[in-house]
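Enquirer: I have a structure here, written as structure tokens, and I will follow up with some questions on it.
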Amino acid sequence: MREKTNYGNWVPEKALYMLFGGAAILLVAAIVSGVMGVVPVITWIAGVIGVLMLVMAVYMLICHEEFAFGKGNMMAGVHQHLVDHLDWDGKGELLDIGCGAAALTVRCAKAFLEAEITAMDYWGAEWNYAKEQCENNARLEGVANRITFQKGDAAKMEFETETFDAAVSNFVFHEVRTAKDKRDVVKEALRVVKKGGVFSFQDMFSQKALYGDMDEFVRELKAEGISEVYYIGNLEKKLDFIPGYVKTPWMISGMGILYGRK
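Residues 68 to 329 (the working numbering) are what the sequence shown spells out, left to right.
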């Protein structure tokens, strides 16, 4: 049997097991307590919570299937949107910041056949990804010879200033816990891009609680020497491949892209 790639999912299977399991336990408890004549309010509360948990479990399962590579493929579309906004000939070195399970890394390797790619992530037990998983995915996709994976912190990368010809990142910056101000993570990403190099970053840029006024931030970046900076906000409302049921605060809300040339 042919070995398959494993790019993980925004909705981890462990969460689905917990939701369905919890719903089953509560609903069984409600039925048993009703049969045994336990205080009606206990039966009612267990039943209502169980039903609500079951509804949430079904919703999350639908989202899981939509996000999954090889199924709904929504995330593949999100990655392609990012790559489409990277104005690069593919000659040189590219950095993928927060590569996760290397889905975007592999897409870049296939889009830019002459590129050498460094993919960095913090990984760790709290995430559903690992370096070995990335290396295996790259091997199975036939691009492992052009990709180097390494552990690192996006808030303070070990790379020298102006190391890479291009940089990408997808839904990572807001997750960087070592940086209180997420704008600083963007600036750190730009630091390692060569003058004249290009970048394409997607994140929850339209969430003001995270990034404030993005028009103001774009002006700030230009004032600091970034030659071309473009921003498109609220992408979940503009990309037709994103279904309405994932446009929620707990899934995708305030998605934006920041791209240009240093």
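The beta-carbon is built from N, C-alpha and C at its ideal position, and this holds for glycine as well. Quantities reported herein were computed from a predicted structural model and do not represent experimental measurements.
Would you say lysine 304 touches the ligand PLP, meaning its beta carbon is less than 7 angstroms from a heavy atom?
Expert: In the structure on display, the ligand PLP does not appear, and there are no ligands present to speak of.
Enquirer: Using a threshold of 8 angstroms, state whether the C-beta atoms of alanine 113 and alanine 97 are closer than that.
Expert: Taking 8 angstroms as the Cβ cut-off, alanine 113 and alanine 97 qualify as a contacting pair.
Enquirer: Nearest-angstrom Cα distance between leucine 119 and alanine 90?
Expert: Straight-line Cα distance between these residues: approximately 8 angstroms.
Enquirer: Which complete alpha helix (DSSP H) runs does the stretch 116–184 hold, if anything under 4 residues is left out?
Expert: Counting only runs of 4 or more, we get 141–151, 170–178.
Enquirer: Measuring only the C-alpha atoms, how far is alanine 176 from phenylalanine 266?
Expert: Roughly 15 angstroms between the two C-alpha positions.
Enquirer: Please state the DSSP three-state secondary structure of isoleucine 324.
Expert: Note: isoleucine 324 maps to strand in three-state DSSP.
Enquirer: What did DSSP end up calling threonine 315 once you bin it into helix, strand or coil?
Expert: Note: threonine 315 maps to coil in three-state DSSP.
Enquirer: Between the stretch 248–261 and the stretch 168–188, are three or more C-beta pairs nearer than 8 angstroms?
Expert: Touching, no.
Enquirer: Suppose only complete runs of 4+ residues qualify. What are the alpha helix (DSSP H) ranges in the stretch 252–287, listed by chain order?
Expert: Counting only runs of 4 or more, we get 275–278.
Enquirer: Could you give the DSSP three-state label for valine 108: helix, strand or coil?
Expert: Residue state, collapsed to three classes: helix.
Enquirer: Got a sec? Which residues, its chain only, sit under 8 angstroms from lysine 289 by beta carbon, not counting five neighbours each side?
Expert: These residues qualify, in order along the chain: Val296.
Enquirer: Pull up the distance between the alpha-carbon of methionine 141 and that of glycine 323, whole angstroms please.
Expert: Rounded to the nearest angstrom, the two C-alpha atoms are 16 angstroms apart.
Enquirer: What residues are listed by DSSP as bridge partners for valine 296?
Expert: Note: valine 296 sits in a beta bridge opposite Gly327.
Enquirer: Does the beta-carbon of glutamate 132 have 16 or more other beta-carbons within 10 angstroms, so that it is buried, or is it exposed?
Expert: It counts as exposed.
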